[in-house]
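Single-structure report; data block below.
Residue numbers (this note's numbering): 460 to 596.
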């Protein structure tokens, strides 16, 4: 999911997420995050690998399971390169990405669809057989 507002304080159970801050240049992992109605604070640590940073910013469908608890905070504010305490005010947050991946399959519905398809196939086969039989009478 992608949210285009700065309402990051509305994210429930933020402590259960891996929180990253993405500015124009780098991606930072937030250690000991605190999300309040006024913004976000915590210690930051840069993600050193550019490939991993790109994967965090926009995971492919194959990577969604790995990143299903990622919360990416987007900002235009330039951040320091060193690990330091950071505070982002609500107006400095331009948006956030929350990766949500649910893979629960409703097997009852799958069974109902298969049953309906097979039922239609049997009915069509019977109608075809009846038409074939009637052509010989």
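All residues carry an ideal CB built from backbone N, CA and C; glycine is no exception.
Cut-off 6 Å between Cβ atoms - residues of its own chain near residue i, not counting five sequence neighbours on either side
i	result
residue 529	477 and 558
residue 498	547, 548 and 549
residue 545	503
Same chain, Cβ closer than 7 Å to residue i, neighbours up to 5 away in sequence not counted
i	result
residue 595	none
Cβ-Cβ distance between residue i and residue j below 8 Å
i	j	result
residue 531	residue 556	yes
residue 553	residue 533	yes
Which listed residue (the options) has its alpha carbon closest to that of residue i
i	options	result
residue 503	574, 573, 566 and 493	493
residue 506	537, 485 and 586	485
residue 490	511, 482 and 501	501
residue 535	515, 481 and 499	481
residue 513	498, 495 and 487	487
Where the beta strand (DSSP E) through residue i begins and ends
i	result
residue 546	544 to 548
residue 506	It is not in any beta strand (DSSP E) - residue 506 carries neither H nor E in the DSSP assignment.
residue 484	Taken as a continuous stretch (DSSP letters only), residue 484 belongs to no beta strand (DSSP E), as it is neither H nor E.
residue 529	529 to 534
residue 557	552 to 557
Residue range of the alpha helix (DSSP H) that includes residue i
i	result
residue 569	566 to 594
residue 520	Residue 520 -> no alpha helix (DSSP H), and no H or E assigned at all.
Contacts around residue i, its chain only, beta-carbon distance under 8 Å, and the 5 residues preceding and following it disregarded
i	result
residue 522	514
residue 578	none
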